[in-house]
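Asker: Sharing a structure with you now.
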Amino acid sequence: MDDYDLQNMSGLLAFLRDANVRLVRPQFLRELHQAGRAWPRRQEAETARTASGETALLSHDELEQKAKQGCQAFSILSFSHCWEAKEHPDPLGYQLAMLVEALQAFPAEVTRRLNSQTGPKLSLNWDAAVFIDYMSLYQFQRSEAEEPYFQAAMRGMHTLYCHDSTYTLRLEDLTPTEWAPPREAVSLYSAKDRGVCSVPLAKLHAPPAHQRGQCPATCSDWPLHANNTPYNERGWCAAEQQWSLSRANPWRSMRLPLGTPEICEAPLTPEAFADAVQAGGLKFTHRGDAEPVLRLQRHVFETKTAVTTSLNFSHLGPDGVRAAADCLPRCRRLTVLKLIKSSVGDEGAQVLARGLETCSPLELLWLFENSIGDTGCKAGRASLPAGNLGGVRRPSEVRGTAARVAGQALAAALAGHRGLRDLSLEANGFGDAGAEVAAWLDGNE
23 MDDYDLQNMS
33 GLLAFLRDAN
43 VRLVRPQFLR
53 ELHQAGRAWP
63 RRQEAETART
73 ASGETALLSH
83 DELEQKAKQG
93 CQAFSILSFS
103 HCWEAKEHPD
113 PLGYQLAMLV
123 EALQAFPAEV
133 TRRLNSQTGP
143 KLSLNWDAAV
153 FIDYMSLYQF
163 QRSEAEEPYF
173 QAAMRGMHTL
183 YCHDSTYTLR
193 LEDLTPTEWA
203 PPREAVSLYS
213 AKDRGVCSVP
223 LAKLHAPPAH
233 QRGQCPATCS
243 DWPLHANNTP
253 YNERGWCAAE
263 QQWSLSRANP
273 WRSMRLPLGT
283 PEICEAPLTP
293 EAFADAVQAG
303 GLKFTHRGDA
313 EPVLRLQRHV
323 FETKTAVTTS
333 LNFSHLGPDG
343 VRAAADCLPR
353 CRRLTVLKLI
363 KSSVGDEGAQ
373 VLARGLETCS
383 PLELLWLFEN
393 SIGDTGCKAG
403 RASLPAGNLG
413 GVRRPSEVRG
423 TAARVAGQAL
433 AAALAGHRGL
443 RDLSLEANGF
453 GDAGAEVAAW
463 LDGNE
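With the numbering used here applied, the sequence shown covers 23 to 467.
Shown next as structure tokens:
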């Protein structure tokens, strides 16, 4: 696999140019949707244009110029979705409709997610470019000149999903049965006809329910092979989600439709991801894909944790909190940790305390609105080795009057984090145990 800088925009742009990956202009997607047309294959998209004459795919030169505008004015969005047919990912047009809707709602969604955090809001003249594999990568049937670019793109595919400069738009839903397709046929490449042809949607065949994701022996007669395997059972979709969660800001992985409440996730360690794959819950397009996916997930996880200095989690469920805690000891350069509005609770606080004991020294720790009560506070005290308080500095800023006692208690649990300067535990509900730990801390300073 090829390694590119996963933090600076220059690394992402270098990968896109080297692998000849082309990103899609949002206006072209809007016009496709309005006209009831399907995504064209990359080979046909290269000559497609918008109504105003702009190319459907941004050139590398244009993309690099737009990137210079900065992250507030321009975003790169990677689309993670199911291929609902072997020949075309979105024969019924549902995914295109959801993506166009998401592009409209995206600026407001970013603002909503940043309300309780720090970060630049998007500007009024915000623009974007979208990665859609069917349009951005050369598809079957590839020429000899196209094949090396496709292979290079596959080796670095993770770059589009784990790079700190990108966002992931994740559509987990398959097309609903009540969805009314905007057309009666879909244009796609036919190897038999050696060109693009129109195939009636009535010829979209799905395997029986008990053979989900598998074709019967007669499938060779089908011009359109449906794949009804759910998103969370597809190996490559799971890999894209894990890559997306390895960003410094995992909330940049957004499930569609935007604006609906969701339980966010944290990345799994390579060991935990391997357990999930070996449990047999994931299906792969090719039998040999599982091992490369495992290797790549480990590579991405280890590469990202080795350089990550800041992690920003929010709205995690209990499983997400445990996954986040498991990641902390691997982040050897971490100085900033924000875990807010999550289901930490007392049990999660104990798990989190163990992770904090062995992670790198923090300078900033925000843990507000996490429902950590007295039991969690006691866990923080119990994790502290005796006589290890000499270098603890009172954090220079503890937000919230009611949280000051809780802040002192957590400072005891973080005795090894001598550089801690900013601690926030607002709105957690500490009570008597917090006061007890504070008194213990005051007597040992």
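Using N, Cα and C, we set each Cβ at its ideal position, and we do this for glycine too.
DSSP three-state call for Met179: helix, strand or coil?
Answerer: If you number the sequence shown from 1, residue 179 lands on position 157. Here Met179 sits in coil by DSSP.
Asker: To the nearest angstrom, how far is the alpha carbon of Leu146 from that of Leu136?
Answerer: Sequence index remark: in the sequence shown, residue 146 carries index 124 (1-based). Sequence index remark: in the sequence shown, residue 136 carries index 114 (1-based). Approximately 16 Å between the Cα atoms of the pair.
Asker: CB-CB under 6 Å to Pro204, same chain, minus the five flanking residues each way: which ones, in chain order?
Answerer: The residue labelled residue 204 in the question sits at position 182 within the sequence shown. These residues qualify, in order along the chain: Gly58 and Gly115.
Asker: Check for me: the alpha helix (DSSP H) holding Trp265 runs from which residue to which?
Answerer: Numbered from 1 along the sequence shown, position 243 holds the residue referred to as residue 265. Note, Trp265: alpha helix (DSSP H), Gly257 to Leu267.
Asker: Nearest to Glu109 by CA position, among Met276, Val221, Asp24 and Ser32, is which residue?
Answerer: Position 87 of the sequence shown, counted from the start, is the residue given in the question as residue 109. Taking only the C-alpha atoms, the option nearest Glu109 is Val221.
Asker: Counting Cβ pairs, one atom from each stretch, are 3 or more of them under 8 Å apart for the segment 152 to 166 and the segment 41 to 54?
Answerer: Yes: at least three Cβ pairs fall under 8 Å.
Asker: Looking at Arg354 and Ala371, is the spacing between their C-beta atoms short of 8 Å?
Answerer: Residue 371 sits at position 349 when you count from the first residue of the sequence shown. Residue 354 sits at position 332 when you count from the first residue of the sequence shown. Cβ distance not < 8 Å, so Ala371 and Arg354 don't count as in contact.
Asker: Please classify Gly217: does DSSP put it in a helix, a strand, or coil?
Answerer: Position 195 of the sequence shown, counted from the start, is the residue given in the question as residue 217. In this structure, Gly217 counts as strand in the three-state DSSP scheme.
Asker: Given that a residue counts as buried once 16 or more other Cβ atoms are within 10 Å of its Cβ, and exposed if not, what is Pro62?
Answerer: Here residue 62 refers to the residue found at position 40 of the sequence shown. Its Cβ being crowded by 16 or more others within 10 Å, Pro62 is buried.
Asker: Count the other CB atoms, across all protein chains shown, that sit within 10 Å of the CB of Ile285; report buried if there are 16 or more and exposed otherwise.
Answerer: Stepping through the sequence shown from its first residue, residue 285 is reached at position 263. Looking at its Cβ environment, which holds fewer than 16 other Cβ atoms inside 10 Å, Ile285 is exposed.
Asker: Would you tell me roughly how many angstroms separate the C-alpha atoms of Asp83 and Arg443, rounded to the nearest one?
Answerer: Working through the sequence shown from its first residue, we reach residue 83 at position 61. Working through the sequence shown from its first residue, we reach residue 443 at position 421. If you take the alpha carbons of Asp83 and Arg443, they lie about 43 Å apart.
Asker: Ignore the nearest five residues each way along the sequence and tell me which others in Trp201's own chain have a CB closer than 7 Å to its CB.
Answerer: Here residue 201 corresponds to residue number 179 of the sequence shown, with the count starting at 1. For Trp201, where only same-chain residues beyond five positions count, the Cβ hits under 7 Å are Leu114 and Tyr116.
Asker: Comparing C-alpha positions only, which one of Ala228, Ala301 and Thr357 sits nearest to Gly257?
Answerer: As a position in the sequence shown, residue 257 is number 235, starting the count at 1. Among Ala228, Ala301 and Thr357, the Cα nearest to that of Gly257 is on Ala301.
Asker: Restricting to Cα atoms, I'd like to know which of Tyr26, Leu267, His439 and Ala167 is closest to Cys381.
Answerer: Within the sequence shown, residue 381 is the residue found at index 359, counting from 1. Measuring from the Cα of Cys381, the nearest candidate turns out to be His439.
Asker: If you draw a straight line from the C-alpha of Ser268 to the C-alpha of Pro289, how long is it?
Answerer: Here the question's residue 268 lines up with position 246 in the sequence shown. Here the question's residue 289 lines up with position 267 in the sequence shown. Near 6 Å, if we compare the C-alpha coordinates of Pro289 and Ser268.
Asker: Could you spell out the range, first to last residue, of the beta strand (DSSP E) harbouring Tyr26?
Answerer: Position 4 of the sequence shown, counted from the start, is the residue given in the question as residue 26. Where Tyr26 is concerned, there is no enclosing beta strand (DSSP E), given that its DSSP letter is neither H nor E.
Asker: May I ask which residues mark the beginning and end of the alpha helix (DSSP H) holding Arg192?
Answerer: Here residue 192 corresponds to residue number 170 of the sequence shown, with the count starting at 1. Careful: Arg192 lies outside any alpha helix (DSSP H), inside the beta strand (DSSP E) at Thr188 to Arg192.
Asker: Measuring CB atoms only, is the segment 292 to 308 touching the segment 331 to 338, in the sense that at least three cross pairs come out at less than 8 Å?
Answerer: No contact exists between the segment 292 to 308 and the segment 331 to 338.
Asker: Report the rounded CA-to-CA distance for Asn254 versus Gln161, giving the unit in angstroms.
Answerer: Translated into the one-based positions of the sequence shown, residue 254 becomes position 232. Translated into the one-based positions of the sequence shown, residue 161 becomes position 139. Distance between the alpha carbons of Asn254 and Gln161: 24 Å.
Asker: Take His227 and list the residues in its own chain whose beta-carbon comes closer than 8 Å to its own, dropping the five residues that flank it on each side.
Answerer: Within the sequence shown, numbered from 1, the residue matching residue 227 stands at position 205. Closer than 8 Å at Cβ, skipping near neighbours: Cys241, Trp244, Leu246, His247 and Ala248.
Asker: Less than 8 Å between the C-beta atoms of Leu79 and Arg39, yes or no?
Answerer: Residue 79 sits at position 57 when you count from the first residue of the sequence shown. Residue 39 sits at position 17 when you count from the first residue of the sequence shown. For Leu79 and Arg39, no; Cβs fall outside 8 Å.
Asker: Could you compute how far the alpha carbon of Gly310 sits from the alpha carbon of Leu28?
Answerer: Mapped onto the sequence shown, residue 310 falls at position 288. Mapped onto the sequence shown, residue 28 falls at position 6. Looking at the two C-alpha atoms, the distance is approximately 27 Å.
Asker: Express the C-alpha separation of Phe323 and Cys349 in angstroms, rounding to a whole number.
Answerer: Walking along the sequence shown from the start, residue 349 turns up at place 327. Walking along the sequence shown from the start, residue 323 turns up at place 301. Using only the alpha carbons, I get a separation of about 9 Å.
Asker: Using only alpha-carbon positions, find the residue among Ala375, Val358, Leu389 and Val366 that is nearest to Pro383.
Answerer: Locating residue 383 in the sequence shown gives position 361, where the first residue counts as 1. That would be Val358, whose Cα lies nearest to the Cα of Pro383.
Asker: Where does Arg355 fall in DSSP's three states?
Answerer: Taking the first residue of the sequence shown as 1, we reach residue 355 at position 333. DSSP places Arg355 in coil when its eight states are reduced to three.
Asker: So that I know if they touch, is there some Cβ in chain D lying closer than 8 Å to that of Arg135?
Answerer: Of the protein chains in the structure, only one exists, and it is not chain D.
Asker: Does DSSP put Lys326 in a helix, in a strand, or in coil?
Answerer: Mapped onto the sequence shown, residue 326 falls at position 304. Lys326: helix per DSSP, three-state reduction.
Asker: In the segment 331 to 381, which residue ranges form an unbroken beta strand (DSSP E) of at least 3 residues, counting only runs that do not cross its ends?
Answerer: Within the segment 331 to 381, the complete beta strand (DSSP E) runs of at least 3 residues are 332 to 336 and 358 to 362.
Asker: Can you check which of these residues, Arg164, Ala150, Pro340 and Glu448, is closest to Gly217 by C-alpha distance?
Answerer: Within the sequence shown, residue 217 is the residue found at index 195, counting from 1. When each option's Cα is compared against that of Gly217, the closest is Arg164.
Asker: Please report the distance separating the alpha-carbon of Glu123 from that of Glu379.
Answerer: If you number the sequence shown from 1, residue 123 lands on position 101. If you number the sequence shown from 1, residue 379 lands on position 357. The straight-line gap from Cα to Cα measures roughly 44 Å.
Asker: Grouping DSSP H, G and I as helix and E and B as strand, with all else coil, what is Val104?
Answerer: Taking the sequence shown and counting its residues from 1, the one referred to as residue 104 is at position 82. The residue you asked about is not Val; residue 104 is Cys in the sequence shown. Cys104 falls in the coil class under three-state DSSP.
Asker: Can you tell me the Cα-Cα spacing of His232 and Cys93, whole angstroms?
Answerer: As a position in the sequence shown, residue 232 is number 210, starting the count at 1. As a position in the sequence shown, residue 93 is number 71, starting the count at 1. Reliability of the predicted coordinates at His232 is poor, the pLDDT of 48 falling under 50, and the value obtained from them is presented with this limitation in mind. Going from the Cα of His232 to the Cα of Cys93 covers about 46 Å.
Asker: Please state the DSSP three-state secondary structure of Tyr211.
Answerer: Residue numbering aside, residue 211 sits at position 189 when the sequence shown is read from its first letter. If DSSP states are grouped into helix, strand and coil, Tyr211 belongs with the strands.
Asker: According to the neighbour-count rule (16 or more other Cβ atoms, all chains shown, within 10 Å of its Cβ), is Gln87 buried or exposed?
Answerer: Residue numbering aside, residue 87 sits at position 65 when the sequence shown is read from its first letter. Exposed, because fewer than 16 other Cβ atoms sit within 10 Å of the Cβ of Gln87.
Asker: Glu262 to Asp368, Cα distance in whole Å?
Answerer: If you number the sequence shown from 1, residue 262 lands on position 240. If you number the sequence shown from 1, residue 368 lands on position 346. Using only the alpha carbons, I get a separation of about 32 Å.
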